[in-house]
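Worksheet: one structure, shown below.
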Amino acid sequence: MPYIKEERKETISVEGDWDIGGSTTWKDSTLLQGYAQGLKEKRIIGSLCPGCGKVIVPPRNICGRCHRKMDEKVVVSDIGTVTCFVISAPFAKGKMQVLGMDPVETGLVGEGERVISVYVKLDGADSNIDTELIGAKPEEVYVGMRVKAVWAKERQGKLSDLEAVEPLRD
Amino acid sequence: MAGRVAIVGYAQSHHQHDIQMTREDMVFEVAKGALRNAGISREDVDTVITASTDFLDGRTISNLYTSMAVGAYLKDESKVEEDGAFAAYYALMRILSGVHDIALVEAHTQGSVVNPHLVSSYTLDPLFERQYGFLNDISAAALQARMYMNKYGVSEEQVAMVAVKNLMNAADNLNAHRKMPDVTVEEVLNSKLYYDPIRELTMSPVSDGACAIVLASEEKAKEITDIPVWIEGVGSCQDGYLRDRSLYKLDSLQKAAQDAYGMAGVSNPFAQIDVFEVSEKYAHEELMIYEALGLCREGKGKTLIEKGMTGKDGEIPVNPSGGALGADPICATGLIRVVEAAKQIRGEANGYQIPAYRALAHGQFGICAQKNVVFILGSE
Ligand SMILES: [Zn+2]
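From first to last, the protein sequence lines are chains X and R.
Quick note on this note's numbering: the first sequence kicks off at 49 and runs consecutively.
Quick note on this note's numbering: the second sequence kicks off at 104 and runs consecutively.
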């Protein structure tokens, strides 16, 4: 939806497009492919820096700290710890668009539901992944909460194979 | 200049149409390569200046993602949204400020991932030119070529001779992309027509590539290397936008060159500069560049190319590396000219070495070379 300024006498609004009329691509090494393929087998892959020993998930091919390539891949746990969380305002129909769709209308979230976004440091990793926490009420989440991965039933080697995390109950 | 600044290290990629590397790996390789060439490590670097454009990188504020690859982690860093030669100019000023001693400059483009000529139409005025839809960088260059050729009676054959010279020169350069050792004027004139008179072989190729240099203050340069390449003079100048620009000459390049000559104490560039590396995005532009650099009178660029004076064995070799016609990884192209000029002074231009004590490097950016920067490099 174009943002139209209140009409003024001194200026006018000229509508224009900002579509580059073609597509762009990003050359990837096999990092994304390898990571997604791992998810299909419920394995979460990170890259290990030979300099500082840090493990970055999802994998990255360069360690900026050491200015070295991180060619070695390691598998980290699908269990981890919440390091930070954000709770959304209650969702309402007609109030917002996600990827061009109304999330309430499409049934992605219920009317009045609040979504919990979490930063999770998986065991064996030195970085955080951002995902959603399900199976817990907003008032139940806390920093330090132990969580585990929720896997898609039919995994296809896509990023969406790792659906969310849920509280680790024993 | 208050203190002196030298180029103490450099690296560039093997420019090609479709490099099998991620953008970050490409940046990493040249940054690491330039530091290795200078014999220093990332820890020695005070400031990092990069060059690329968000449109060509396919993301906004694109340096945020390449910062770790270039080695800017927890360092002073900035980016220019244009050619890397302007990044070098910026880095030079940062050292001259006295705040920094060593600067790493990096520039890159992967032309293969997005059509750069489509992107070019977004540099146009959104109210008029963009709505008419006639202009992009190639059609604007065609207008420039025609205005120049009509005014001075320059033939398409004379323009094609520039392409022949540079494409043959590129054949000797390991890093060049479009190498044509046996190309002829006929072949150039029969290559695919885009906008008359611009043809496939009279415009630069779309290349993937990256380039990096290390700059150091005088004191540090002398510690780091025995073969510093001193920046003796520099000039940068911005022309007006289309419409009221005289497209048949490069006024801003002329001004930039005069500033650089003044600083370097050059009064007769023809006699005092041994080799020239210039950013001719189109073959006709190289003739215009000869004139703006004061190598001949206005309109006489055609005489220099016809007499072979700018060939490798000529009196004033221009683009022995093959120039932009030999490889054009857009934002890296001008910085590559700086590296090629520095290679000539260090005696490292294997296969196309010109005996050189002083060299000129030129970078440009914008429709019809709107903006220009000139470096005079020397060995002493
Ligand atoms: Zn590291």
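Where a beta carbon is used, it is the ideal one built from N, C-alpha and C, also for glycine.
Since the structure is predicted, the reported quantities are computational estimates derived from the model, not experimental observations.
Put simply, the backbone Cα of X:LEU181 is about 11 Å away from that of X:THR129.
Not a single heavy atom of ligand 1 lies less than 8 Å from the C-beta of R:ARG302.
Separation of X:GLU58 and X:ASP65 (C-alpha to C-alpha, rounded to the nearest whole angstrom) is 23 Å.
Listed in chain order, the non-local C-beta contacts of R:GLU335 below 6 Å within the same chain comprise ALA367, ILE479, GLY481, local neighbours out to five positions each way being set aside.
Restricting attention to R:ASP186, R:SER223, R:LEU390, the CA atom closest to the CA of R:CYS434 is found in R:ASP186. Boundaries of the beta strand (DSSP E) harbouring R:GLN341: 332 to 341, taken from the DSSP string. Inter-segment contact for the stretch 106 to 126 of chain R and the stretch 73 to 88 of chain X is present: three or more beta-carbon pairs are separated by less than 8 Å. Contact annotation: in the stretch 142 to 153 of chain X, no residue has its CB less than 9 Å from a CB in chain R. Counting along the chain, R:PRO219 sits inside no beta strand (DSSP E); it lies in the alpha helix (DSSP H) bounded by residues 219 to 223.
Taking C-beta atoms as the reference points, X:ASN176 and X:LYS185 fail to come closer than 9 Å.
Measuring C-alpha to C-alpha distances from R:PRO458 to each of R:ALA464, R:PRO432, R:PRO423, R:GLN467 identifies R:PRO423 as the nearest.
With contacts defined by Cβ atoms closer than 9 Å, R:ALA191 and R:ILE152 form a contacting pair. Taking a contact as a CB-CB distance under 8 Å, the pair X:VAL122 and X:LEU96 counts as one, their CB atoms being some 5 Å apart. When Cβ-Cβ separations below 9 Å define contact, R:MET306 makes no contact with chain X.
By the Cβ rule, the stretch 308 to 322 of chain R counts as touching the stretch 199 to 217 of chain R, because three or more pairs are nearer than 8 Å.
A residue is called buried when at least 16 other Cβ atoms come within 10 angstroms of its Cβ; X:ALA140 does not meet this threshold and is exposed.
Looking from the CA of R:TYR344, the closest CA among R:GLY236, R:LEU227, R:LEU159 belongs to R:LEU227. X:GLU159 counts as exposed, since fewer than 16 other C-beta atoms from the protein chains shown sit within 10 angstroms of its C-beta. Secondary structure in the stretch 193 to 245 of chain R: the alpha helix (DSSP H) runs of 4 residues or longer, each lying completely within the stretch, are 219 to 223, 232 to 235 in chain order. Taking 9 Å as the cut-off, the beta carbon of R:ILE198 is found closer than this to the beta carbon of R:ALA319. Any Cβ of chain R closer than 9 Å to the Cβ of X:VAL62 would place that residue at the interface, and such an atom is present. Here R:LEU438 carries a helix assignment [DSSP, helix/strand/coil]. Pairing R:GLY425 with X:MET149, the inter-Cα distance amounts to about 52 Å. With respect to chain R, the C-beta atom of X:CYS97 has no partner C-beta closer than 9 Å.
Secondary structure at R:GLY414: coil, using DSSP grouped into helix, strand and coil. DSSP places R:HIS280 outside both helix and strand once states are collapsed to three, so it counts as coil. Excluding sequence positions up to five before and after R:THR169, its CB lies within less than 7 Å of the CB of ARG126, GLU127, VAL130, THR153, all in the same chain and listed in chain order. Residue ranges of uninterrupted beta strand (DSSP E) with 3 or more members, entirely inside the stretch 110 to 155 of chain R and ordered along the chain, are 150 to 154. Chain-ordered, the chain X residues with CB closer than 7 Å to the CB of R:GLU127 read ASN109, ILE110. Nearest to R:ASN276 by C-alpha distance, out of R:HIS465, R:PHE468, R:ALA427, is R:ALA427.
Within chain X, THR72, THR73, TRP74, LYS75 have C-beta atoms less than 7 Å from the C-beta of R:VAL216, given in sequence order. Within its own chain, the residues whose Cβ lies closer than 6 Å to the Cβ of R:ILE330, once the five positions on either side in sequence are excluded, are ARG449, listed in chain order.
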